């Protein structure tokens, strides 16, 4: 993710997907009656959700549309600006709304599934994971070597997003031996551009961000998918969140997502965007 507050999740335990079906159900009927599924996606979050030539596009956008289609509903998107942490994002997106008065969404996409996070946010329920994300390191082997001991990258610029997990990892690991080589950027895309334009020898972000950043520009570059010594959480699942009184909607979407994973449609959406799909649970 290009979410700085992923740091609050990165050292905690994985969440078991889904939730107990003995819980009381609620407003699926209301959603069906209005004929629209309101879907929260992050603003400016490629390859998941962003605007290209004024049109909302991305993996999460396409998956959201597929879910709405299976429900027989029209998809309506709420573009969410990331707040200080994921707890605030859940509040703004699915159970309370923002201080600006924007109405909540029926579901939120791209929510990390994590036990501690889920227990802490008892007004929302995490369900329907659809991808297992991880970090990756891309490098130009003519400039630096990233496939072996990462300490060997010392002396070559390594680009990262400021205050991201890769930033804290590379500046703190290996006794801080790479700290002076880390170059900071405002976004993962800018960090990857620093590599493809030849200014940096390597760049680190999530695998999806790396694959998008290198699309059509990867000649001569290599990607290391891990493991990364000292990084406590190497991978995590992402899925949906619904308000706690919308559990019956969550149940239905969990079943729909399972079908979309089984029939290859989710993998096809990822492939369309040039991103590797790793099913949840793998």
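In my numbering, the protein residues as written are 27 to 308.
In this text, a Cβ means the ideal position worked out from N, Cα and C, and glycines have one as well.
None of the values given here were measured: they were computed from a predicted structure.
Going straight from the alpha carbon of residue 98 to that of residue 220, what length do you get?
Between the alpha carbons of residue 98 and residue 220 lies a distance of about 44 Å.
Do residue 227 and residue 188 have their C-beta atoms within less than 7 Å of each other?
For the 7 Å CB-CB criterion, residue 227 and residue 188 do not form a contact.
Compare the C-alpha of residue 138 against each of 152, 303, 108, 298 and name the closest.
152 is the residue among 152, 303, 108, 298 whose C-alpha sits nearest the C-alpha of residue 138.
If we count the other Cβ atoms within 10 Å of its Cβ and call it buried at 16 or more, is residue 243 buried or exposed?
It is exposed - the Cβ of residue 243 has fewer than 16 other Cβ atoms within 10 Å.
Report yes or no: do the stretch 176-195 and the stretch 203-218 share at least 3 C-beta pairs separated by less than 8 Å?
Under the Cβ criterion (8 Å, minimum of three pairs), the stretch 176-195 counts as touching the stretch 203-218.
Hey, residue 102 and residue 67: beta-carbon distance below 7 Å or not?
Here residue 102 is not near residue 67, since their CB atoms are 7 Å or more apart.
Find out if the Cβ-Cβ distance for the pair residue 267, residue 57 is shorter than 7 Å.
Annotated as distal: residue 267 and residue 57, with beta-carbon spacing of 7 Å or more.
Would you please state the rounded distance, in angstroms, between the beta carbons of residue 65 and residue 104? I believe it to be under 8 Å.
About 7 Å separates the two Cβ atoms, so the contact holds.
In this structure, how does DSSP classify residue 293 when only helix, strand and coil are distinguished?
Here residue 293 sits in helix by DSSP.
Can you have a look at residue 235 and say buried or exposed, based on whether 16 or more other CB atoms are within 10 angstroms of its CB?
Flag for residue 235 reads buried.
Tell me the DSSP bridge mates of residue 159?
Beta-bridge pairing links residue 159 to 262.
At which residue ranges does the stretch 102-147 contain complete beta strand (DSSP E) runs of 3 or more residues, listed in the order of the chain?
DSSP runs (the beta strand (DSSP E)) wholly in the stretch 102-147: 133-139.
Close beta carbons around residue 229, own chain, < 6 Å, minus the five adjacent residues each side:
Correct list, in chain order: 164, 185, 217, 218, 221.
In terms of residue numbering, what span does the alpha helix (DSSP H) encompassing residue 221 cover?
214-222 is the span of the alpha helix (DSSP H), which, as asked, contains residue 221.
Runs of alpha helix (DSSP H) wholly within the stretch 69-98 (minimum 4 residues, chain order):
For the stretch 69-98, whole alpha helix (DSSP H) runs of length 4 or above, ordered along the chain, are 85-97.
Given residue 177, which residues of its chain have a CB within under 6 Å of its CB, disregarding the five upstream and five downstream residues?
For residue 177, where only same-chain residues beyond five positions count, the Cβ hits under 6 Å are 200, 203.
Could I get the ranges of all uninterrupted beta strand (DSSP E) runs contained in the stretch 226-282, with 3 residues as the minimum, in chain order?
Complete beta strand (DSSP E) runs here, min 3: 228-232, 248-250, 261-269.
Among 77, 78, 84, whose alpha-carbon lies nearest the alpha-carbon of residue 296?
From the listed residues 77, 78, 84, the smallest Cα separation to residue 296 is found for 84.
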